[in-house]
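Residues 12 to 263 (this note's numbering) make up the sequence shown, in order.
Here is the structure we will look at, set down as structure tokens.
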Amino acid sequence: MPFKALSTFGDFYGFVGKVFAQMFTRRLQFREFVSQAWFVTTVSFGPALLVSIPFCVVIIFQVNQLLIQIGAVDLAGAGAAVAVVREIGPIVSVLVVAGAGATAICADLGSRKIREEIDAMVTLGIDPIERLVVPRVIASTLVGVALNGMVTVVGLVGGYFFSVVLQGATPGLYLSDLTLLVGLPDFLASEAKAAVFGLLAGLTACYLGLNAKGGPKGVGEAVNQTVVFAFMLLFAANSVISALFLQIKLGA
């Protein structure tokens, strides 16, 4: 098992190298990219919206409860901005991309693999990485960035409603405190996180889809593995990026 795991990781890193080589040296299949970007958006937008409202609101509600206990509820805007912009936005948006968009990508490529369409493309001299993988990876990355912006806006608006209407925060102070602890660099770092997360989700989905074996059952297993491995990579990447950003910001 350890040797098999190491072999799988080696194959994955080799696959990632091929994708990046094709991404920066070949012309993008623009029509395929637009199609996949729209597809990932349609399967991810609704779930991201529905997940972001309760997720953001619950976290902000708990933060406000602590602020109420110390008599600082008017700092609710600062707490909401830190929670939503730095962590909740990118994580929620790309968890949805990984759970909905990436699994759909994996199922699509896995189905093509077991129907031997991928082998037929290779026989005809068409590189499946250039034709199929690169557009999907770029689409997953850009959709993750776009959804992060949407989740951030929804989270801050929902936080305003709960903080002002239900927990007694001052509306003007909530809005003015949004930039007390969070600025443009934090939002850009959040967008960078979302881009990295979307990239990892797309790479994982494409790798497992192209390596699906064993008929429809194998495709189902590949889809399940996509969710698990993508989440593992996302949380690991989140820890590294957050630590680096805070070190740079505090050092500055």
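Glycine included, every Cβ here is placed at the ideal spot set by N, Cα and C.
query	result
Cβ separation of V230 and I125, assumed to be a contact under 8 Å, to the nearest whole Å	6 Å
Buried/exposed call for K228, threshold 16 Cβ in 10 Å	exposed
Alpha helix (DSSP H) segment containing R142, residue limits	Segment: none, R142 is in no alpha helix (DSSP H) and carries neither H nor E.
Neighbour-count burial assignment, K224, 16 or more Cβ in a 10 Å radius	exposed
In chain order, each alpha helix (DSSP H) run of at least 4 residues that lies wholly inside the region 30–97	41–80 and 87–92
Start-to-end residues for the alpha helix (DSSP H) that takes in F208	L195 to L221
Cβ-based neighbour list, A109, same chain, cut-off 6 Å, excluding 5 preceding and 5 following	A212 and A241
Distance, L39 Cα to A32 Cα	12 Å
L214 beta carbon less than 7 Å from that of V27	yes
Residue from D85, V164, A150 and I129 with nearest C-alpha to L184	D85
Environment of S250 [buried if 16+ CB atoms lie within 10 Å]	exposed
Coil, strand or helix - A157 by DSSP	helix
The region 85–96 in contact with the region 176–193 per 3-pair CB rule at 8 Å	yes
Proximity winner among G179, S151 and G170, relative to F208 (alpha-carbon distances)	S151
Among S201, R42, K29 and N222, the one whose alpha carbon lies nearest that of V156	S201
Proximity below 7 Å, CB of V30 to CB of V144	yes
CB of R37 within 7 Å of CB of E127, strictly	no
Three-way DSSP call (helix, strand, coil) for T181 in this model	coil
Short Cβ contact (7 Å threshold) for V95 with G166	yes
Distance, D22 Cα to L199 Cα	32 Å
Among L257, V239 and Q178, nearest to L78 - alpha-carbon criterion	Q178
Same chain, Cβ closer than 7 Å to R147, five either side skipped, listed in chain order	Q47, I116, G213 and C217
Distance, L210 Cα to Y107 Cα	Residue identity check: residue 107 is Val in the sequence provided, not Tyr. Taking the straight line joining both Cα atoms gives about 13 Å.
Length of the line joining the Cα atoms of A233 and V74	38 Å
Cβ-Cβ distance between T163 and G112 below 7 Å	no
Whole-angstrom distance between I129 and F64, CA atom to CA atom	Contrary to the premise, residue 64 reads as Ile rather than Phe in this sequence. About 40 Å.
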